[in-house]
Amino acid sequence: MTRTLKDIQQHTLVRIVDDNEDLRETCEMMLTYAGWQVRTYAGAWSFLMDDAPSVPGCLILDISMPDMTGTELQMEMRRRRYSLPIIILTGHANVDLAVTTLKAGAAEFFEKPVDEDRLMKAIAKLCRESLAKSCGELTGRDLEKAFDLLTEREREILELMIQDVSSQQIAERLGLSDRTIYAHRNAIYRKLGTKNLSNISLEDLVSSSCSLPR
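First residue of the sequence shown? That's 1 in UniProt numbering, and the numbers climb one at a time after it.
As structure tokens, this is what we get:
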């Protein structure tokens, strides 16, 4: 499914955890003006107590905070199996810190003051993926790994399925029996782990095919 930015914004929530009130409010105003739904927290504990993990979206997280640091919050979220994608913001960036936060599961790492355009693009990307995941759709690396499991024939059939070609028409085009196509479709669904193909595009399939050795 190709979602518009407005659709993504209506169904996701951007959380901001930062002990700096001015930065919190500035970021909230910027994102709200851009159309995002935003909720802010002055610290990690208030976030953990109030947030609803089932709501897709992303978390913008400051590293240097009292009581519980951003890195410690990442660890706590992992312990709770909280899979919300995280964007790290810090005013004291260094290689070791970047490596630590990324290993702990952060999706993006930005140094303050952050470039507004880069931040907006990162938020849109992560919220789109979070929303897709909540709907049982494959995205990103999971999609690439699933494609790697498909045979050349299964890729050929999947390409036609994405274009809404019926099983009977696929059988006629490829000179195969209906039963063979049915078996291939089941194999495709099994390897992808879903029957929901709405978020898979021809571009995804072509890109994956180009990266594989022939």
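Even glycine gets a Cβ: it sits at the ideal position worked out from N, Cα and C.
In this text, all values refer to a predicted model and were calculated from it rather than measured experimentally.
Open item on the list: I need the straight-line Cα distance from Asp117 to Ile181, nearest angstrom please.
Closed with: 46 Å
Task: First and last residue of the uninterrupted beta strand (DSSP E) at Thr71 - done: Looking at the DSSP string, Thr71 is not in any beta strand (DSSP E); the run it does join, the alpha helix (DSSP H), is 70-79.
Task: Inter-residue spacing [alpha-carbon to alpha-carbon] between Ala183 and Trp45 - done: 51 Å
Open item on the list: Quick check on the burial criterion: 16 or more other C-beta atoms within 10 angstroms. Buried or exposed for Gln10?
Closed with: exposed
- [ ] Thinking Ile188 and Glu154 are a contact (beta carbons under 8 Å), I'd like their distance in whole angstroms, please.
- [x] 5 Å
Task: Length-filtered (4 minimum) alpha helix (DSSP H) runs lying within the region 140-184 - done: 140-148, 152-162, 167-174
TODO: Determine the extent of the alpha helix (DSSP H) in which Arg24 is found, giving its start and end residues.
DONE: 21-33
Open item on the list: Helix, strand or coil for Thr4? Go by DSSP, reduced to three states.
Closed with: coil
Open item on the list: Could you check whether the region 35-52 touches the region 159-167, counting it as contact only if at least three pairs of C-beta atoms, one from each stretch, sit closer than 8 Å?
Closed with: no
Task: Assigned exposure category for Thr12 - 16 Cβ within 10 Å defines buried - done: buried
Task: Residue range of the alpha helix (DSSP H) that includes Cys58 - done: Cys58 -> not in any alpha helix (DSSP H); beta strand (DSSP E) instead, spanning 57-62.
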